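Chemist: One structure coming up, written as structure tokens, with questions to follow.
There are 4 protein chains.
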Amino acid sequence: MLRVALFGAGRIGQVHAASVAADPRADLAYICDPATEAATTLTDRFGGVPTTDIDAVMADESVDAVIIGSPTSTHVDLLTRAVRAGKAALCEKPIDLDLARVDACWAEIKDIPHTVMIGFNRRFDVSFRAIRDRVAAGEVGRLEQLAITSRDPAPPPDGYVTASGGLFRDMTIHDFDMARYFLGDIVSVHATGANLITESGDIDSAIVVLRSAGGALAQITNSRRCAFGYDQRLEAFGATGMLSAGNQLPTMVRYYGPERTDAADPYVGFFLERYTPAYRAELDHFLRAVEDGRAPSPSFADGRAALALAEAADESMRTGAVVTLGCAGHGQAQRTSQTRAPSPS
Amino acid sequence: MLRVALFGAGRIGQVHAASVAADPRADLAYICDPATEAATTLTDRFGGVPTTDIDAVMADESVDAVIIGSPTSTHVDLLTRAVRAGKAALCEKPIDLDLARVDACWAEIKDIPHTVMIGFNRRFDVSFRAIRDRVAAGEVGRLEQLAITSRDPAPPPDGYVTASGGLFRDMTIHDFDMARYFLGDIVSVHATGANLITESGDIDSAIVVLRSAGGALAQITNSRRCAFGYDQRLEAFGATGMLSAGNQLPTMVRYYGPERTDAADPYVGFFLERYTPAYRAELDHFLRAVEDGRAPSPSFADGRAALALAEAADESMRTGAVVTLGCAGHGQAQRTSQTRAPSPS
Amino acid sequence: MLRVALFGAGRIGQVHAASVAADPRADLAYICDPATEAATTLTDRFGGVPTTDIDAVMADESVDAVIIGSPTSTHVDLLTRAVRAGKAALCEKPIDLDLARVDACWAEIKDIPHTVMIGFNRRFDVSFRAIRDRVAAGEVGRLEQLAITSRDPAPPPDGYVTASGGLFRDMTIHDFDMARYFLGDIVSVHATGANLITESGDIDSAIVVLRSAGGALAQITNSRRCAFGYDQRLEAFGATGMLSAGNQLPTMVRYYGPERTDAADPYVGFFLERYTPAYRAELDHFLRAVEDGRAPSPSFADGRAALALAEAADESMRTGAVVTLGCAGHGQAQRTSQTRAPSPS
Amino acid sequence: MLRVALFGAGRIGQVHAASVAADPRADLAYICDPATEAATTLTDRFGGVPTTDIDAVMADESVDAVIIGSPTSTHVDLLTRAVRAGKAALCEKPIDLDLARVDACWAEIKDIPHTVMIGFNRRFDVSFRAIRDRVAAGEVGRLEQLAITSRDPAPPPDGYVTASGGLFRDMTIHDFDMARYFLGDIVSVHATGANLITESGDIDSAIVVLRSAGGALAQITNSRRCAFGYDQRLEAFGATGMLSAGNQLPTMVRYYGPERTDAADPYVGFFLERYTPAYRAELDHFLRAVEDGRAPSPSFADGRAALALAEAADESMRTGAVVTLGCAGHGQAQRTSQTRAPSPS
């Protein structure tokens, strides 16, 4: 049985606590959060010891792995300490808002054998993953155009946006990772944004266009608010066909009446509901990597690459120009220096 | 150019007049109706001479074919006279409400070479026909279960129901023909009806179960009123798969909002709108049969067989028991005595 | 924490064992099956003590409830003993294949305060339940026609059919319960069956038509084999609209290519996969009833009524005639004699 | 009866000839094409006199209107001559490949009272038009994001691409017009293209991002080849909901089998088949404008604006930068100088 410590008892911490509790191979050892009450609420329900003592968690040799679901600003520190303590780490996205800090983190950990995975949950969504696998199996021929639609049901509270690093680092980062999941290295980025919804002054609507090293084009459409709920769709257009994934519905019920027909249910919930099975599959992949001593995926390099795309999108927004990315950069180096074989997924 | 006389300037007459006018191979010679104004309205728009003189129409040797869209009670007389006058005839369903009169009509015309077609328009619907052709081509293996849903948008006016011969002779007769179109000879009928909608006392909701000579089962669901419009669907379930046809929509538009998603348009119209292309294809088939001297389909025998099923359904309703039909009856004899080769469709 | 004993370590036993293990309010006390190995496999995975000793289970006062998932022939005996032992019971369908034995069982238990629930899992399917609730809330007006399609992916092994009491008692019984769930008391039954698929000689394809006390009509279509998988659909047609539930799909993926478009995944699995969440919700309802001392639903009377419909369908098949059922029969009496208030669901 | 002369007996000329023949208000006077045989084939079928003499057509005072479906290089000349001859003109897109020539044309005709319409057929598609009308009626609140997918089934023959002015002027021009139809004036353009399909060296895959004067963003996805057929879709995302239009299907048939379910038919045909009803509605709008003396829409200014966007997209492709367009330019001036009231559509 793997013993897992969880950092962060907030919304995402709750998801991970439930996933660990539901997984037969893992037990919660600690839930660590300065908000003792929140941690206790979770340990009461899912097991483990509530604590505020990071040092004690890191020093506990019985702890095999940590899940980092605390605020973004704490990720680099906790990740570095976990690797030094010889613990496997599943870290929520983004690694940090600042690419320089991410690179500094990498410099610290790259020579220590480690098992580090970044929490891009959508790679584990059953529909997106199926499309990716079918594309990889050649079902639509060479992939030429990828379209990702990603809209949140409602904008985050005031203050969140600035703290989160803005739309591209906070929200689009998932879509950047999806684009890389399907297309590999991205060589150029162009971003167009608009502030249509909130009073924040930050962009809340965006269209980003990417070009991959292999020549394919990708397009990401984002909005901070979607009247019909969490809108998460994808189309993979290839030389011989297309695969698409529409939104999931809570039931299979359809209504027919005088004013409309074939009407489906409203979408319910947000990422916690939509991606519950994906979070479970993500944890399962992480635990298997820990057990088998294999490198999990998405890797630190994947987390770094998505952030680099967010930074490029910000620059494109400022200048209006396409931003070109070096192809054989940090990611390659990192993969070279990894001490364990990369996972196929 | 074939010269066509149309009997009946009512709702269905208007459809046929438009179809003839749109067909490059045919011209309207006459529109014959005691209601002169209605006939004139149609001839003004679609051509031909308005008339009330049936004898003159039948005597005009330049008339190649007649379309009988007048009230049901006039069908047998007009059909018999047309055959005697050597004119091809496309007769609306039902041939008559009384099987004995239908058989008497057949006795009159069976020894005269003739081209007679009954207007079961749904055989010419592009979706139903495609399913039938694909079933015939073996795409779903042996056909085992056929489900037909047929609901009208609104009940007919008071008085219509009795005059029309009741639900089975008036409305279900189309579905009986569809069942025969897919399954061939029917050997038994069980009908269950209810009077849920109208004050007429006649049944307005029904479920009919058929067994075919080949062993397959068919099920027909009818209602005289459907809040969401004209509901015309079909499922053909076979040993290796299923083909279904849903309702047609006026546009491809879907709406997504807080209370519903993927909501299609309301259905519009009734049989005139839904089956406009089918009526055109039906006329095209008839004109080709006339030109080529081939027997059109559905034939007189098909019209007779659908009426026999309606009569059996009425009997089953009264007794609660399954009604068995003779397999090698009138239909066989009729087909034998036909002077032209049957069409494959 | 409720302590639950499970009878039967077969396919359905495994489902219930997993449900109990996943429910935070219940623990498995025993898994009782003559096949010790099967029981042990389950207790190893889900907890509890494997046993073959029914008496010991019934005598263990720490056991609050039993789940009866053993062969049908054992249901009545185990149910009676559980009630006598003061234990709540969730019994798989059917209660028995013989209505007389069911009535004898009722005579035994009716005067003992009891909590007995019958395992009609489909009442707990999220889509069917949503339709039923929306119908009950008046969303489609008065319910006039109910269409249930229920097809198994593949016929059961030789020998199963006879032992199972035939199609209506084994398979259609779920659909009879669905019809009652939507329409309440059924007053007449007509059944048409055919042996199209198997060599068993028993019918494997059927269409059943029901009439409810309220006048609505229901229609059930069954097949023992469905090339495209487990086919479980429902349409509720009312005076002002319709609600339907199509089949669930494993992913939201659609394929577009030269030969087909918008093609969904094949269906996967059978009732165990399709109704996993329903089995969990069923158990949850049962446990809540036990905790709150309320009568669960579906009740013993519901189990008896579905069996009575199966028997009527068999008789209709034999005679070809509609079979009429008494309306104010056993069900009423039973409900009267129940010692706890019926649940609203 | 309006007398219409058609220039061009090619593929698009054939469509217009059929539309005129089918319209009860118009007759074909001439079909003018240097390829006499092609013109004669059409006049034999649809009426009118075949000719190669442009001067004679322009001089014939009985001709009320001309339809210009000849090669793009002839449009400006024919349009100018038609306006000078006092004839209404429906001119296919684009007006010309060169914006300077378009402006010179406008200088020639702007002071002559005229009825000039540009053939952007998609404005008359029943689904796109319905969405536009529903958006205009406020059904989705403020329009924030527009997504247009437009893919041709197969690349044009060698030589066509260069002659056609490239992807943006030839193919995307329809999508530029759609964007303007929904969003009005466009203020900036960014285009990304790739040559993935053909050997032509010209781009055949593109993603274009537009910003409207009102702040909304639009995104166009193009491909010269689509394995599953002509792919024409649109999504209009607003503050309170979304409207989308998927592709039209030839039938409502769906297939269910072991390897796929709910599979629709392959798409058939190309723009001629997909937009046949739109071409008819376009002609109807034009003829009504001629009859009523009202300015048709899309206007010359609309044709000019779409071309300006194509030119901006080409520039963006070359530079990688966003190209900004003047808002109150030619279009405004033109509309001011128009001598007839603008149509509401």
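Residue numbers (full-length UniProt numbering), protein chains in the order written: chain A, 1 to 345; chain B, 1 to 345; chain C, 1 to 345; chain D, 1 to 345. Virtual Cβ for every residue (Gly too), placed ideally from N, Cα, C. Treat the numbers as computed from the prediction; the structure is a model and nothing was measured.
#1: Do C:A239 and C:G141 have their beta-carbon atoms positioned less than 8 Å apart in this structure?
#2: Confirm, please, whether the CB-CB distance from B:I220 to B:I148 is below 8 Å.
#3: Do C:V116 and C:K87 come within 8 Å of each other at the CB atom, strictly closer than that value?
#4: State the start and end residues of the unbroken beta strand (DSSP E) segment that holds B:S205.
#5: At the 8 Å Cβ level, is residue 392 of chain A part of the contact set with chain B, yes or no?
#6: In the DSSP assignment, find the unbroken alpha helix (DSSP H) run with D:P50 in it and report its ends.
#7: Does any C-beta atom of chain A lie closer than 8 Å to the C-beta of D:S337?
#8: Comparing C-alpha positions only, which one of C:G13, C:S73 and C:A89 sits nearest to C:R294?
#9: With 16 other CB atoms within 10 Å as the buried threshold, where does D:T43 fall?
#10: Just grab the DSSP bridge partners of C:D231 for me.
#11: Would you call A:R254 buried or exposed, if buried means 16 or more other Cβ atoms sit within 10 Å of its Cβ?
#12: Using the Cα positions of A:L79 and A:F270, report the straight-line distance between them to the nearest angstrom.
#13: Please name the residue or residues paired with B:L90 in a DSSP beta bridge.
#14: Where A:A306 and A:V268 are concerned, what is the direct C-alpha to C-alpha distance, given to the nearest angstrom?
#15: Mind reading off the beta-carbon distance from A:P277 to A:D265? Whole number of angstroms is fine, and I expect it under 8 Å.
#16: Can you list, in chain order, the residues of its chain with a C-beta nearer than 7 Å to that of D:P298? Leave out the 5 residues immediately preceding and following it.
#17: Report the neighbours of B:M242 on chain C: residues whose CB is nearer than 7 Å to its CB, in chain order.
#18: Is there a Cβ of chain B sitting closer than 8 Å to that of D:I173, yes or no?
#19: Apply the 10 Å Cβ neighbour rule to C:M317 and answer buried if 16 or more other Cβ atoms are within range, or exposed otherwise.
#20: Would A:T72 be called buried (16 or more neighbouring beta carbons within 10 Å of its own) or exposed?
#21: Would you mind giving the Cβ-Cβ distance between B:D158 and B:M171, rounded to the nearest angstrom? I have them listed as a contact below 8 Å.
#22: Are the Cβ atoms of residue 368 of chain C and C:F7 separated by less than 8 Å?
#23: Taking the alpha-carbon positions, what's the B:L217 to D:D125 distance?
#24: Determine the closest residue to D:M1 out of D:V20, D:H174, D:Y230 and D:P113, with distance taken between C-alpha atoms.
#25: Could you tell me whether the Cβ atoms of B:A206 and B:V187 are closer together than 8 Å?
#26: Which whole-angstrom value is the C-beta distance of D:A35 and D:A56, which I expect to be below 8 Å?
#27: In the DSSP assignment, what are the bridge partners of C:M242?
#28: Please list the segments of the beta strand (DSSP E) lying wholly inside the segment 250-324 of chain A, counting only runs of 3 or more residues, in order along the chain.
#29: Would a check of beta-carbon distances place C:G326 closer than 8 Å to chain B?
#30: For B:M252, would you say it is in contact with chain D, using Cβ-to-Cβ distances shorter than 8 Å as the test?
#31: I need the straight-line Cα distance from A:D262 to B:M242, nearest angstrom please.
#32: Tell me which residue opens and which closes the alpha helix (DSSP H) that D:D55 is part of.
#33: Chain D beta carbons: is any one of them nearer than 8 Å to that of A:G320?
#34: According to DSSP, simplified to helix, strand and coil, what is C:G193?
#35: In terms of alpha-carbon separation, which member of A:T74, A:T40 and A:L309 lies closest to A:Q14?
#36: Look at the Cβ atom of A:L167, then the Cβ atom of A:G193, and state whether they are nearer than 8 Å.
Modeler: Let me lay it out:
#1: Against a cut-off of 8 Å, the Cβ pair of C:A239 and C:G141 comes out as a contact.
#2: It is a contact, given that the beta carbons lie within the stated cut-off.
#3: Not closer than 8 Å, so no.
#4: Where B:S205 is concerned, the enclosing beta strand (DSSP E) starts and stops at S205 to S212.
#5: With chain A represented from 1 up to 345, any question about residue 392 of chain A goes unanswered, as that position is not in the structure.
#6: No alpha helix (DSSP H) contains D:P50, which is instead part of the beta strand (DSSP E) from V49 to T51.
#7: Only weak support exists for where D:S337 lies, its pLDDT of 27 falling under 50; the value from the coordinates is given anyway. No - not a single Cβ of chain A is within 8 Å of the one on D:S337.
#8: From the listed residues C:G13, C:S73 and C:A89, the smallest Cα separation to C:R294 is found for C:A89.
#9: D:T43 is buried by the Cβ-count criterion.
#10: When beta bridges are read from the DSSP output, C:D231 appears opposite C:R151.
#11: Here A:R254 is buried: its Cβ has 16 or more other Cβ atoms, across all protein chains shown, within 10 Å.
#12: Roughly 27 Å separates the two Cα atoms.
#13: Bridge partners of B:L90: B:I67 and B:M117.
#14: The C-alpha of A:V268 is placed about 28 Å away from the C-alpha of A:A306.
#15: Actually they are not in contact, since the Cβ atoms of A:P277 and A:D265 sit about 18 Å apart, beyond 8 Å.
#16: Cβ neighbours of D:P298 beyond the five flanking positions: M117, I118, F120, R123 and D177.
#17: Result: F228.
#18: Closer than 8 Å: no.
#19: When all chains shown are included, C:M317 counts as buried.
#20: For A:T72, the number of other beta carbons within 10 angstroms of its own is at least 16, and it is reported as buried.
#21: Between B:D158 and B:M171 a beta carbon distance of about 16 Å is seen, past the 8 Å cut, so the two are scored as non-contacting.
#22: Lying outside 1 to 345, the shown extent of chain C, residue 368 of chain C is not represented and no answer is given.
#23: Straight-line Cα distance between these residues: approximately 42 Å.
#24: Cα-wise, what sits closest to D:M1 is D:V20.
#25: Taking 8 Å as the cut-off, the Cβ atoms of B:A206 and B:V187 do not count as close.
#26: The distance from the Cβ of D:A35 to that of D:A56 is about 17 Å, inconsistent with a contact at the 8 Å cut-off.
#27: Residue pairing by DSSP places C:M242 opposite A:Y256 and C:F237 in a beta bridge.
#28: Qualifying beta strand (DSSP E) stretches, in chain order: 253-256.
#29: For C:G326, not one C-beta of chain B is nearer than 8 Å to its own C-beta.
#30: At a cut-off of 8 Å between beta carbons, B:M252 contacts chain D.
#31: Here the alpha carbons of B:M242 and A:D262 stand approximately 20 Å from one another.
#32: DSSP places D:D55 inside the alpha helix (DSSP H), whose first and last residues are I54 to A59.
#33: Interface residue, yes.
#34: Of the three classes helix, strand and coil, the one that applies to C:G193 here is strand, per DSSP.
#35: Taking A:Q14 as reference, the option from A:T74, A:T40 and A:L309 with the minimal CA-CA separation is A:T40.
#36: Cβ atoms of A:L167 and A:G193: closer than 8 Å.
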